[in-house]
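Novice: Below: one structure in C-alpha cells.
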Amino acid sequence: MSESGTTSEQYLRLIEGELEESLLLIAGSPLKEGIKYVFSMGGKRVRPLVTVFAAESVGKVSGDVLHAAAAIEILHNFTLVHDDIMDNADTRRGKVTVHVRSGVNTAILVGDQMMALAYDCLEKCSGDHLREGLRVFNEGVKQVCDGQALDESLSKTNGSGMSDYIDMISKKTGALLKAAAELGGVVGGGSRTEVESLGTFGLNLGIAFQILDDLLDLEGDADRFGKPKGLDIIEKKKSFLFLKAQESLDRSRVAVVNAAYSKATVAEQDVEAVRNAYREGGIFDAAREEVSRYTETALSGLASLRESRGKDALTNLANSLVQRKF
Numbered sequence: 025m026s027e028s029g030t031t032s033e034q035y036l037r038l039i040e041g042e043l044e045e046s047l048l049l050i051a052g053s054p055l056k057e058g059i060k061y062v063f064s065m066g067g068k069r070v071r072p073l074v075t076v077f078a079a080e081s082v083g084k085v086s087g088d089v090l091h092a093a094a095a096i097e098i099l100h101n102f103t104l105v106h107d108d109i110m111d112n113a114d115t116r117r118g119k120v121t122v123h124v125r126s127g128v129n130t131a132i133l134v135g136d137q138m139m140a141l142a143y144d145c146l147e148k149c150s151g152d153h154l155r156e157g158l159r160v161f162n163e164g165v166k167q168v169c170d171g172q173a174l175d176e177s178l179s180k181t182n183g184s185g186m187s188d189y190i191d192m193i194s195k196k197t198g199a200l201l202k203a204a205a206e207l208g209g210v211v212g213g214g215s216r217t218e219v220e221s222l223g224t225f226g227l228n229l230g231i232a233f234q235i236l237d238d239l240l241d242l243e244g245d246a247d248r249f250g251k252p253k254g255l256d257i258i259e260k261k262k263s264f265l266f267l268k269a270q271e272s273l274d275r276s277r278v279a280v281v282n283a284a285y286s287k288a289t290v291a292e293q294d295v296e297a298v299r300n301a302y303r304e305g306g307i308f309d310a311a312r313e314e315v316s317r318y319t320e321t322a323l324s325g326l327a328s329l330r331e332s333r334g335k336d337a338l339t340n341l342a343n344s345l346v347q348r349k350f
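The opening position of the sequence shown corresponds to residue 25 in this note's numbering, with each subsequent residue numbered one higher.
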C-alpha cells in the first residue's frame, strides 16, 4: 500500500496499530499484559518513524515497512526494560518501571518475550527483502548488546576517555537508529548505496541524540525529561560532559567534578556545583558543538538520496530531535 500522502501523525497511528496488532501474536501468553504495559508507557516512536521515512525516501511505505517499524520499536522497548533493571531505575517516562511493578524476574521475561515478538513482526514481511532485513536487524541487536556491555564497563573503569565513550554510544544508541534507517531502506526497496547512506544518517543521528541526552540531564526540563536533574552525576556515569571536563577543564573545576563523583551519596548541592563547573568551563557549549557536528554528518548521509517527501521528513525529524529541550 502506498502512503505517499500520509502525515507523521497518521504514520504514528499506523505504528500504534501495528504494535496493538502484534499483541495478537502472544494472545495466550501470561506476559502479554506486561508487554501491553510497556507499550502504554508511550515515547516519541522516533525509531519506527525513521524506518517509515527511510522507506519513503527510497521507494514507498507498504505493509512490510510497518511490520519492520513495529519490530524496531519493540526491540527498542525491550532494551529499555532490561536497561531499567540494570540501572535500578524506578520510573520510565513518568511511569513505574516493569521490574518495580511486577518484579525483576517477570521483567526479564517480558523483555525476552518482546525480543521474540520483534522477530515475529519482522517475519511478517514478504520474502523479497526478509533475508537482508533480518541481517540488518540482527546486526542492530548485537551492536546494542555490545554497547550496553561497554556502558557497564565504562562506568567501572578508570582512565576511560572520549574515544571509549563514542564507541559505546555508537553501539548502544547509534546502532539502533542505524538499523531503523537501513531496515526502512531495505524494505522500501532501496539500492545498496541508498541503504548505506541511510545507515550513515542513522548512526550519526544516534550519536548526536545521546550527547544531547547527556546535556539535557543537567540543562533540560526535568519534569518533561522524565528523570531527576543530574541523574548521571548521582549515578556517577561517565557521560560526555564528565569526560569532556576531564579533558579541558582547569584543575580547580575538575576537582569540583571529581569530588562529587567520589562521594558515596551525591547531594543536590553537589549536582549544582558540578553544573556550575561545566557551564563556567564551557562544557555545555562543547556538547552543543558536538551535537551540531554529528547532526551535520548525519544529514550529509542523505545528500546522495533523491529529493522526496521522505528525505525531507528525515531532515525535519533530525533537526527536531537535536533542538529538543527534553
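Cβ atoms here follow ideal geometry from the backbone N, Cα and C, with glycine treated the same way. The structure displayed is predicted, hence computed values, not measured ones.
#1: When we look at the beta-carbon of ASP114 and count the other beta-carbons within 10 Å, is it buried (16 or more) or exposed?
#2: Which whole-angstrom value describes the C-beta separation of MET192 and GLU271, a residue pair presumed to lie in contact below a C-beta threshold of 8 Å?
#3: Which residues in the same chain have their Cβ closer than 6 Å to the Cβ of PRO72, if we skip the five residues on either side of it in sequence?
#4: Quick check on the DSSP output: the alpha helix (DSSP H) that includes ARG277 runs from which residue to which?
#5: Which value, in whole angstroms, describes the spacing of the CA atoms of ALA301 and ASP111?
#6: From the DSSP output, read off the bridge partner residues of LYS119.
#7: Among GLY83, GLY135, GLN167 and ARG275, which residue has its Cα nearest to the Cα of ASP108?
#8: Between which two residues does the alpha helix (DSSP H) harbouring GLY226 extend?
#9: Residues in its own chain within less than 7 Å of LYS262 by CB, not counting five upstream and five downstream?
#10: Among the candidates SER215, HIS106, PRO252 and ALA205, whose CA atom is the shortest distance from the CA of ALA291?
#11: Residues in the same chain with beta-carbon distance under 7 Å from LEU207, minus the five sequence neighbours each way, listed in chain order, please.
#12: Would you grab the beta carbon distance between VAL165 and LEU99 for me? Rounded to a whole angstrom, and I think it's under 8 Å.
#13: Just checking my contact of LEU141 with LEU49 at CB under 8 Å: how many whole Å lie between their CB atoms?
#14: Does the Cβ-Cβ distance between ALA1 and PHE233 come in under 7 Å?
#15: Taking 8 Å as the threshold, find out whether the region 279-298 comes into contact with the region 313-329 through three or more Cβ pairs.
#16: In terms of residues, what are the limits of the alpha helix (DSSP H) holding GLN347?
#17: Can you give the beta carbon distance from ASP238 to ALA311, rounded, assuming they're within the 8 Å contact cut?
#18: Rounded to whole angstroms, what's the CA-CA distance from GLU163 to VAL122? Just pull it up for me.
#19: I'd like the list of long-range same chain contacts for GLY214, defined as Cβ closer than 6 Å, with 5 residues on each side in sequence excluded.
Specialist: By the coordinates alone:
#1: exposed
#2: 16 Å between Cβ atoms; not a contact.
#3: ILE39, ALA93, ILE96 and GLU97
#4: 275-286
#5: 26 Å
#6: ARG116
#7: GLY135
#8: 216-243
#9: LEU178, SER179, SER184 and TYR189
#10: PRO252
#11: THR75, ALA92, ILE96, GLY157, VAL160 and PHE161
#12: 7 Å
#13: 6 Å
#14: Residue 1 is absent from the model: the chain starts at 25 and stops at 350.
#15: no
#16: No alpha helix (DSSP H) contains GLN347, which DSSP labels as neither H nor E.
#17: 7 Å
#18: 26 Å
#19: VAL82
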